[in-house]
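Each number in this note's numbering comes from the position in the sequence shown (counting from 1) with 120 added on. Read through the structure below, which is laid out as structure tokens, and then see the notes.
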Amino acid sequence: MPLITLLTDLGTKDFHLAAIKGAILSQYNAFVPMVDISHEVKPFDIKEAAHILKNSFHHFPKGTIHLVHVSGSSSNKLLLCEIAGHYIITFDTGILSIAFEKSQCKIFEVNEEIIDTHSLLHEQSIARTIDFLLKEYLPTDFAHPAGSIKEFRLLQPMTMQGNIRGTVVYIDNYGNCISNISRKMVEDHFGDRKVSVNSNVGLASGISKNYSDVEEGEIVCLYNSSGFLEIAINRAQAEKLLGIKIDTPVMIMPE
């Protein structure tokens, strides 16, 4: 039995999440194992959802069905993405273009007769789509290749005057600020040279291996588990103390 994961901005206070889970269970009419990735995505924030999706989906077994439900889409177009042996169900918000390279995905649009337009949650449309996958239908049995879908382009890190310039793309629960600058990019550009990292009012000398490499309350930069440069403060929140926000510039310079 494939797993189903859920990633939403619905929170846990209201009935919306329960309605979606109930619809899935009722449609399949049997127990389905579900894993909650997160329901605390900032409302309407597809960039945050894309970051979480990109860095979590591949840890699950192949065949897993991932539902990404972020509010605010004006489109009833329900998409099914096939990537690396996984299925991702989401609406046409542009989230797939942020999370993945186009060449990585096969993207289908669920056929119109399956779409229920009577509910803002679209729980029946989602439940029917998941039911087809659980019963081992092929995507082409209930969907067709997607034509034009919404796409977004994010700023990419670049080299300029011997430095690397990127931006903060995600802030985690601890207030740590994750950039779009990868370990590979830094190592390819600087080699073994020592570097310093600047973001807003924060300046760190060198890239550490652990938070505890610096004293409590000091700024520390290190690569997170996904291999991207993170600006943090040992035992404190870099987001608040350094005034860092999403899209704040990050500069890496040789010392």
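Glycine included, every Cβ here is placed at the ideal spot set by N, Cα and C.
For my contact list, residue 203 and residue 220 are in at a C-beta cut-off of 8 angstroms; report their separation, rounded to the angstrom. 6 angstroms
From 137, 316, 374, residue whose alpha carbon lies closest to that of residue 351: 316
Local conformation of residue 289 per DSSP, three classes: strand
Going by DSSP, what residues sit across from residue 170 in a beta bridge? Beta-bridge pairing links residue 170 to no other residue.
Shortest alpha-carbon distance to residue 215 belongs to which of 161, 265, 331? 161
Whose C-beta lies closer than 8 angstroms to the C-beta of residue 338 among residues of the same chain, with five residues either side of it excluded? 353, 354
Residue 302 versus residue 349 - alpha carbon distance: 6 angstroms
Do residue 332 and residue 341 come within 8 angstroms of each other at the CB atom, strictly closer than that value? no
Classification of residue 274 by the beta-carbon crowding that lies within 10 angstroms, buried from 16 upward: exposed
With distance defined between alpha-carbon atoms, name the residue in 279, 230, 212 nearest to residue 260. 230
Does the count of Cβ pairs from the stretch 150-167 and the stretch 179-191 closer than 8 angstroms reach three? yes
Any idea what DSSP makes of residue 207, helix, strand or coil? strand
Range of the contiguous beta strand (DSSP E) that encloses residue 280: 278-280
Neighbourhood of residue 217 by C-beta distance below 6 angstroms, restricted to the same chain and skipping five residues each side: 271, 272
Starting from residue 146, trace the alpha helix (DSSP H) both ways and give me its first and last residue. 136-148
Across the stretch 135-152 and the stretch 170-184, are there enough close Cβ pairs to call them in contact, namely three or more that are closer than 8 angstroms? no
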